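Working notes, structure below.
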Amino acid sequence: MATIIAADDDPDLRAIVAAVLRRAGHVVTVEEDGAAALARVRQDRPDVLIIDNQMPHMTGLEVRNTLRLDPETANLPIVLASGSLRAEELNDPPSPHDYLVPKPFQSRHLLETVETALATAALRAVRH
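The sequence shown begins at 0 in this note's numbering and counts up one residue at a time.
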């Protein structure tokens, strides 16, 4: 079980993502814009952040870049969901803690990406 923040400005997609993750046993908090997601991450320190790239107030990429500059959140696994963001854009600057899920996505693909992010983070924690 992991704690996850899921941020998307589409209320239907937010509900679907939360339901899929909760069925998998995760504790999920949802936010509807980038600035709220950033504040929630800083407050709650989740295990994973899932964020849509095209969001009001701050894009997912802007949230990601802000979190990467903070030593407290620099290693947070972030899953960016986007229909337009390319992997090259996500990797500027590069981080091994970033994951891209193209939209539209299958629930299974999102869940597999989250599980990979969690497993990779656990391995890194053991090594350090």
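All C-beta atoms in this analysis are idealised placements derived from N, C-alpha and C, irrespective of residue type, glycine included.
No experiment lies behind these values; they were computed from the predicted model shown.
_Contact set for H25: own chain, Cβ-Cβ below 8 angstroms, skip 5 residues either direction_ = On the sequence shown, residue 25 is found 26 positions in, with the first residue counted as 1. M0, A1, T2, I3 and V113, listed in sequence order.
message = What ranges does the alpha helix (DSSP H) occupy inside the region 15-89, keeping only unbroken runs of at least 4 residues that lie completely in it?
response = 33-43, 59-68 and 86-89
Should T72 go down as buried or exposed, given a rule of 16 or more other Cβ atoms within 10 Å for buried?
Taking the sequence shown and counting its residues from 1, one reaches residue 72 at position 73. Flag for T72 reads buried.
Alpha-carbon spacing of P76 relative to A23, whole angstroms: Counting from 1 along the sequence shown, the entry for residue 76 is found at position 77. Counting from 1 along the sequence shown, the entry for residue 23 is found at position 24. So the two alpha carbons sit approximately 18 angstroms from each other.
Original post:
In angstroms, rounded to a whole number, what distance separates the CA positions of A120 and D97?
Top reply: Numbered from its first residue, the sequence shown carries residue 120 at position 121. Numbered from its first residue, the sequence shown carries residue 97 at position 98. Those two C-alpha atoms are separated by around 11 angstroms.
(request) Count the other C-beta atoms from every protein chain shown that fall within 10 angstroms of the C-beta of A14, then say buried if there are 16 or more, exposed otherwise. (result) Locating residue 14 in the sequence shown gives position 15, counting from the first residue. Classification for A14: exposed.
T28 to R21 span [Cα, whole Å]: In the sequence shown, counting from the first residue as 1, residue 28 sits at position 29. In the sequence shown, counting from the first residue as 1, residue 21 sits at position 22. Looking at the two C-alpha atoms, the distance is approximately 10 angstroms.
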